[in-house]
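Read in order, the letters of the sequence shown correspond to residues 0 to 137 in numbering that gives the first Met the number 0. One structure is given here, and the rest of the page talks about it.
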Amino acid sequence: MSLIDEMNAALSLLYSNNRRLVETILTKEFGGARGAGGLSEVEAQQVWVKPRFRVSQAAELMNIHPQTLRQYDRMGLVVPGRTGGGGRRYSLRDLARLHQVQTLSQGEGVNLEGVRRIMALQRLSLIHISEPTRLLSI
Numbered sequence: 000m001s002l003i004d005e006m007n008a009a010l011s012l013l014y015s016n017n018r019r020l021v022e023t024i025l026t027k028e029f030g031g032a033r034g035a036g037g038l039s040e041v042e043a044q045q046v047w048v049k050p051r052f053r054v055s056q057a058a059e060l061m062n063i064h065p066q067t068l069r070q071y072d073r074m075g076l077v078v079p080g081r082t083g084g085g086g087r088r089y090s091l092r093d094l095a096r097l098h099q100v101q102t103l104s105q106g107e108g109v110n111l112e113g114v115r116r117i118m119a120l121q122r123l124s125l126i127h128i129s130e131p132t133r134l135l136s137i
């Protein structure tokens, strides 16, 4: 799946939870409701990783309690960017990861330690593709 496809999937998920906020993002970042399709790969990457949502906004978008987000941060499941004052700011990529954590934990019944291990294996497989020799030292 390309980055732009992943972004559009994340925006679709968020749209179902909070239509007004996503329309604002689409207008501000993409110039309208066409989604990420009109962006270059570099522009898409910048939008995908830009920290923009406070804890309360991310919690509302994902329909979860703000303390759950803080717990995921402490566990290292989803680590958002930080402001100069230490406040958490979630990017679209972080929200996609939150969705993955929620799907695994609530939808599939995997405990949070299991989710952490699954996500670590996913990162490891990405490393394996780009840096095959790194696995030999693990």
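Ideal Cβ placement from N, Cα and C applies to all residues, glycine included.
By the DSSP assignment, the alpha helix (DSSP H) with residue i in it spans what residues?
i, result
"Val109", "Run containing Val109: none; DSSP gives neither H nor E here."
"Tyr89", "First-last for Tyr89: undefined, no H or E at that position."
"Pro65", "Pro65 to Met74"
"Ser55", "Val54 to Met61"
Buried or exposed: which applies to residue i, given that a residue is buried once 16 or more other Cβ atoms fall within 10 Å of its Cβ?
i, result
"Leu91", "buried"
"Ala58", "buried"
"Ala32", "Interpretation of Ala32 is limited by its pLDDT of 48, a score under 50 that renders its predicted location unreliable; the figure taken from the coordinates is listed afterwards. Burial call: exposed."
"Leu123", "exposed"
"Val41", "exposed"
"Leu120", "exposed"
"Arg96", "buried"
"Val48", "exposed"
Opposite residue i in the DSSP bridges: which residues?
i, result
"Gly80", "Arg88"
Tell me whether the beta-carbon of residue i lies closer than 7 Å to the beta-carbon of residue j.
i, j, result
"Leu76", "Arg115", "yes"
"Pro79", "Arg73", "no"
Compare the C-beta of residue i with all C-beta atoms of chain B and state if any pair is closer than 7 Å.
i, result
"Pro65", "Within the model displayed, chain B is absent; a lone protein chain is all it includes."
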